[in-house]
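Asker: Have a look at this one before I ask anything.
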Amino acid sequence: METQLNSIEMICYVAETAKNSKLQNKTLNKLKPTLEQLSEQMGIHPMQSLWVSVLYVLSFKNNTVDLTDLSEHFACDIVKLIPYLSDFEQLIERKIIAQKGHTYYDAKSNHDFILPKETIDRIAKGKALENIELVKKEIEVFEFLEQLNELLESTGNREIDLIHAFNLIEQHSNIPFIGRSKKLLVDFFDLILFFMVSWETMMGREYTSLNEVLKKLYNSKSTQFKELQGFINKRNDLIKLNLLDIKPERFYVDVNVSLTEKSLSFLEEAGLKVIDLSFDKKDLIEPKDIKKKKLLFNEPEQKQYNLIESSLKQSEFKKIQARLVSKGLPKGLTVLLHGHPGTGKTETVLQMAKTTGRPLLKVDISETKSAWFGESQKIIKQIFTKYNRLMKKSKLCPILFINEADALFSKRKEADFSTVSQTENEIQNILLEEMEKFEGILFATTNIIDNFDTAFDRRFLFKLYLPKPDQALREGLWQLKIKKLKASDYTLLANRYEFSGGEIDNIIRKIEISDILYQQKIDLETIIQFCEEETMRKNGSGRNKVGF
-6 METQLNSIEM
4 ICYVAETAKN
14 SKLQNKTLNK
24 LKPTLEQLSE
34 QMGIHPMQSL
44 WVSVLYVLSF
54 KNNTVDLTDL
64 SEHFACDIVK
74 LIPYLSDFEQ
84 LIERKIIAQK
94 GHTYYDAKSN
104 HDFILPKETI
114 DRIAKGKALE
124 NIELVKKEIE
134 VFEFLEQLNE
144 LLESTGNREI
154 DLIHAFNLIE
164 QHSNIPFIGR
174 SKKLLVDFFD
184 LILFFMVSWE
194 TMMGREYTSL
204 NEVLKKLYNS
214 KSTQFKELQG
224 FINKRNDLIK
234 LNLLDIKPER
244 FYVDVNVSLT
254 EKSLSFLEEA
264 GLKVIDLSFD
274 KKDLIEPKDI
284 KKKKLLFNEP
294 EQKQYNLIES
304 SLKQSEFKKI
314 QARLVSKGLP
324 KGLTVLLHGH
334 PGTGKTETVL
344 QMAKTTGRPL
354 LKVDISETKS
364 AWFGESQKII
374 KQIFTKYNRL
384 MKKSKLCPIL
394 FINEADALFS
404 KRKEADFSTV
414 SQTENEIQNI
424 LLEEMEKFEG
434 ILFATTNIID
444 NFDTAFDRRF
454 LFKLYLPKPD
464 QALREGLWQL
474 KIKKLKASDY
484 TLLANRYEFS
494 GGEIDNIIRK
504 IEISDILYQQ
514 KIDLETIIQF
524 CEEETMRKNG
534 SGRNKVGF
């Protein structure tokens, strides 16, 4: 019967038959023909094929399998498994299975076995399990960080735990990530702290409480406070070397720390992909999620729009950047759209992303305004860090979109001793520095160009002014947005009302709402009524119109 089964079926048969067998001889004899067939196919000893079969089945329930799991499967005491550990050692040496060991313990009280993906893939394809390269660098780094974290989370003697931590680091110094970190950080406690934050980051936590980490490293509260102050005052080497960023909480009671882009690149070079929590779905807009719309411009603006759009097409964009680099010029493409409210600045950026197929990272200006000194500067840096991270991961260079940018790029305040002035000027300096080295695509919009600081003028390569549409363009907008009117009706509306595109959109929305509520045909008279209401909002009762 067994000879007609494929590899997976034989493995499942072996594991199921061996279940609750207590490893008795009668069961092993029953399995002998199948184990010999698996042995020949896998290129391993028949008894080893039993262990691989059981590990294969159990690994689908748990990532790792220990001796307790095996004893429960066989319904036998762990002691009965000890004589067979040599089989496991041989499989580990041949890299057919991997072991998640606890090297900081004096005695190995248990063994965690891993059946790597390469072994599982070869079993599925019926291939021999010889010459498999299974021990990956990323597994080594991840297991090292996990072991170190488990060690420092233990409730044992603090000094002894740190000695074990030192030995653990020394044992793994040949791993590039660990060796590189050791060269950068001569202080042992800084090194441990860096590894602990790296582990927290791997677990998906964007920030790590520095207080909690320091409690694990130092018994003395005065030492903990001293080290905390070292971070706050940026004296610590982890801050100086740009390995960690700090996020002070209220009154500096605690400090949250996170890995910098430099540190994240270390982890990625080690093969570890960090869970990225920095992107909010509402901020990251994919081209497929943008509704395609037709844009109308006056002739001068249309020419400039076409130039910018052509520059962002991937084939041309790559050529442009290469040429700029060869000439020693900044390769980032930066665009400032300015003009009256409702002239379509935001929609222009969205349609540019849509037509060029580029993801768009939108910045919410309100999130950059923090009540705590130092936070706004940090958030500005994070905007560009977040964008640079997205740029590395995206197939096409994404667009960084800063809407209502005058809130960030406004004229610098006169030097004084106020916290507000100092903070806003620091933000300006950070922005100037980031834009100087910017290598991607940046769009910024503003209704109030006069508020812009002149220092930013040369940082924007393209400056596209979108004025209120002239009569011909207004007529085109009415025709685009409302169907089935007479040509003379479009001309009348365009002549009578000097509306922007956003104001015309307000009229269209009212038409749609009326159609839903009253199911009545919207004629020119009703449209004019809506236009008069929009004009009243604009000029009547001293109220200002709302921008689009």
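Numbering (the working numbering), first residue to last: -6 to 541. Glycine included, each C-beta is placed from N, C-alpha and C at the ideal position.
1) Since residue 44 and residue 80 should fall inside the 8 Å C-beta cutoff, what is the C-beta to C-beta distance between them, to a whole number of angstroms?
2) For residue 619, which residues from the same chain have a beta carbon less than 6 Å from its beta carbon, with the 5 sequence-adjacent residues on both sides left out?
3) Have a look at residue 177 and residue 458 and give me their C-alpha separation to the nearest angstrom.
4) Within the continuous alpha helix (DSSP H) that includes residue 25, where are the two ends?
5) Compare the beta carbon distance of residue 183 and residue 291 with 8 Å and say whether it is the shorter of the two.
6) Run the CB neighbour count on residue 180, radius 10 Å, all protein chains shown included, and call it buried at 16 or more, exposed below.
7) From the DSSP secondary-structure annotation, give me the bridge partner or partners of residue 107.
8) Which of the three DSSP states, helix, strand or coil, is assigned to residue 276?
9) Judging by CA-CA distance, which residue of 188, 145, 151 and 154 is the nearest neighbour of residue 166?
10) Comparing alpha-carbon positions, which option in 158, 122, 152 and 121 lies nearest residue 139?
11) Using DSSP with H/G/I as helix, E/B as strand and the rest coil, what is residue 166?
12) Determine which residues share a DSSP beta bridge with residue 331 and list them.
13) What beta strand (DSSP E) runs, 3 residues minimum, are completely inside the region 281 to 341?
14) One question on the structure: do residue 135 and residue 196 come within less than 8 Å of each other, judged by their Cβ atoms?
15) Looking at the secondary structure, which residues open and close the alpha helix (DSSP H) in which residue 51 lies?
16) Measuring only the C-alpha atoms, how far is residue 120 from residue 90?
17) How big is the Cα-Cα spacing for residue 261 and residue 88?
18) Quick check on the burial criterion: 16 or more other C-beta atoms within 10 angstroms. Buried or exposed for residue 421?
19) Whole angstroms are fine: how far does the CA of residue 285 sit from the CA of residue 475?
20) By Cβ distance, which residues of its chain are closer than 8 Å to residue 83, with the 5 residues on each side in sequence left out?
21) Nearest-angstrom Cα distance between residue 238 and residue 222?
22) Can you tell which of 398, 311, 382 and 465 has the C-alpha that lies nearest to the C-alpha of residue 255?
23) Helix, strand or coil for residue 509, going by three-state DSSP, please let me know.
24) If you count every other CB in all the chains shown that lies within 10 Å of the CB of residue 191, and 16 or more means buried, which is it?
25) Which residue marks the beginning of the beta strand (DSSP E) containing residue 395, and which one marks its end?
26) In terms of residues, what are the limits of the beta strand (DSSP E) holding residue 215?
27) Residue 249 bridges to which residues according to DSSP?
28) When you compare only the Cα positions, how much space is there between residue 215 and residue 185?
29) How is the beta strand (DSSP E) around residue 234 delimited, first residue to last?
30) Give me the residue from 49, 193, 403 and 478 with the minimum Cα distance to residue 450.
31) Inspect the beta-carbon positions of residue 52 and residue 108 and report whether they are closer than 8 Å.
32) Residues bridged to residue 355 by DSSP?
33) Considering only the beta carbon of each residue, do residue 589 and residue 428 sit closer than 8 Å?
34) Measure the CB-CB distance between residue 233 and residue 240 and report whether it falls below 8 Å.
35) Taking the alpha-carbon positions, what's the residue 116 to residue 29 distance?
36) Output yes or no for whether 8 Å exceeds the beta carbon distance between residue 492 and residue 504.
Answerer: According to the structure shown:
1) Position 51 of the sequence shown, counting from 1, holds the residue named residue 44. Position 87 of the sequence shown, counting from 1, holds the residue named residue 80. Residue 44 to residue 80, Cβ: 6 Å. Contact.
2) This structure leaves residue 619 out entirely; the chain is present only between -6 and 541.
3) Position 184 of the sequence shown, counted from the first residue, corresponds to residue 177. Position 465 of the sequence shown, counted from the first residue, corresponds to residue 458. Approximately 49 Å between the Cα atoms of the pair.
4) In the sequence shown, the residue the question calls residue 25 occupies position 32. Per DSSP, residue 25 belongs to the alpha helix (DSSP H) from 18 to 35.
5) As a working note, residue 183 is residue 190 in the sequence shown. As a working note, residue 291 is residue 298 in the sequence shown. Cβ atoms of residue 183 and residue 291: not closer than 8 Å.
6) Taking the first residue of the sequence shown as position 1, residue 180 is located at position 187. When all chains shown are included, residue 180 counts as exposed.
7) Reading the sequence shown from its first residue, position 114 is the one you call residue 107. Bridge partners of residue 107: 91.
8) Residue numbering aside, residue 276 sits at position 283 when the sequence shown is read from its first letter. If DSSP states are grouped into helix, strand and coil, residue 276 belongs with coil.
9) Here residue 166 refers to the residue found at position 173 of the sequence shown. Closest by alpha carbon: 188.
10) Along the sequence shown, read from residue 1 onward, the residue named residue 139 stands at position 146. Per the Cα distances, 158.
11) Counted from its first residue, the sequence shown places residue 166 at position 173. Three-state DSSP puts residue 166 in coil, outside helix and strand.
12) Indexing the sequence shown from 1 puts residue 331 at position 338. BP columns for residue 331 point to 439 and 458.
13) 326 to 332
14) As a working note, residue 135 is residue 142 in the sequence shown. As a working note, residue 196 is residue 203 in the sequence shown. No, these two residues do not count as a Cβ contact at 8 Å.
15) Here residue 51 corresponds to residue number 58 of the sequence shown, with the count starting at 1. Start and end: 39 to 51.
16) As a first step, residue 120 is located in the sequence shown; it is residue number 127 there, counting from the start. As a first step, residue 90 is located in the sequence shown; it is residue number 97 there, counting from the start. Near 15 Å, if we compare the C-alpha coordinates of residue 90 and residue 120.
17) Residue 261 sits at position 268 when you count from the first residue of the sequence shown. Residue 88 sits at position 95 when you count from the first residue of the sequence shown. Whole-angstrom Cα-Cα distance: 24 Å.
18) Here residue 421 corresponds to residue number 428 of the sequence shown, with the count starting at 1. So residue 421 counts as buried.
19) Taking the first residue of the sequence shown as position 1, residue 475 is located at position 482. Taking the first residue of the sequence shown as position 1, residue 285 is located at position 292. Going from the Cα of residue 475 to the Cα of residue 285 covers about 17 Å.
20) One-based indexing of the sequence shown puts residue 83 at position 90. Only 38 and 41 meet the Cβ criterion.
21) By 1-based counting over the sequence shown, the position of residue 238 is 245. By 1-based counting over the sequence shown, the position of residue 222 is 229. Straight-line Cα distance between these residues: approximately 14 Å.
22) Residue mapping note: residue 255 aligns to position 262 of the sequence shown, counting from 1. For the residues 398, 311, 382 and 465, the minimum Cα distance to residue 255 belongs to 382.
23) For this step, residue 509 is matched to residue 516 along the sequence shown. Helix.
24) Within the sequence shown, the letter at position 198 stands for residue 191. It is buried - the Cβ of residue 191 has at least 16 other Cβ atoms within 10 Å.
25) In the sequence shown, the residue the question calls residue 395 occupies position 402. Run containing residue 395: 392 to 395, per the beta strand (DSSP E) assignment.
26) Reading the sequence shown from its first residue, position 222 is the one you call residue 215. Careful: residue 215 lies outside any beta strand (DSSP E), inside the alpha helix (DSSP H) at 214 to 225.
27) Here residue 249 refers to the residue found at position 256 of the sequence shown. According to DSSP, which records beta bridges pairwise, residue 249 is partnered with 202 and 240.
28) Stepping through the sequence shown from its first residue, residue 215 is reached at position 222. Stepping through the sequence shown from its first residue, residue 185 is reached at position 192. C-alpha separation (whole angstroms): 19 Å.
29) Here the question's residue 234 lines up with position 241 in the sequence shown. Counting along the chain, residue 234 falls outside any beta strand (DSSP E), and DSSP gives it neither H nor E.
30) Numbered from its first residue, the sequence shown carries residue 450 at position 457. The candidate whose alpha carbon is nearest that of residue 450 is 403.
31) Stepping through the sequence shown from its first residue, residue 52 is reached at position 59. Stepping through the sequence shown from its first residue, residue 108 is reached at position 115. Yes. Within cutoff.
32) In the sequence shown, counting from the first residue as 1, residue 355 sits at position 362. Per DSSP, 394.
33) This structure gives no information on residue 589, because the portion of the chain shown stretches from -6 to 541.
34) By one-based count along the sequence shown, residue 233 stands at place 240. By one-based count along the sequence shown, residue 240 stands at place 247. Not in contact: residue 233 and residue 240 (Cβ atoms no closer than 8 Å).
35) Taking the sequence shown and counting its residues from 1, the one referred to as residue 116 is at position 123. Taking the sequence shown and counting its residues from 1, the one referred to as residue 29 is at position 36. Their Cα atoms are separated by approximately 15 Å.
36) If you number the sequence shown from 1, residue 492 lands on position 499. If you number the sequence shown from 1, residue 504 lands on position 511. Against a cut-off of 8 Å, the Cβ pair of residue 504 and residue 492 comes out as no contact.
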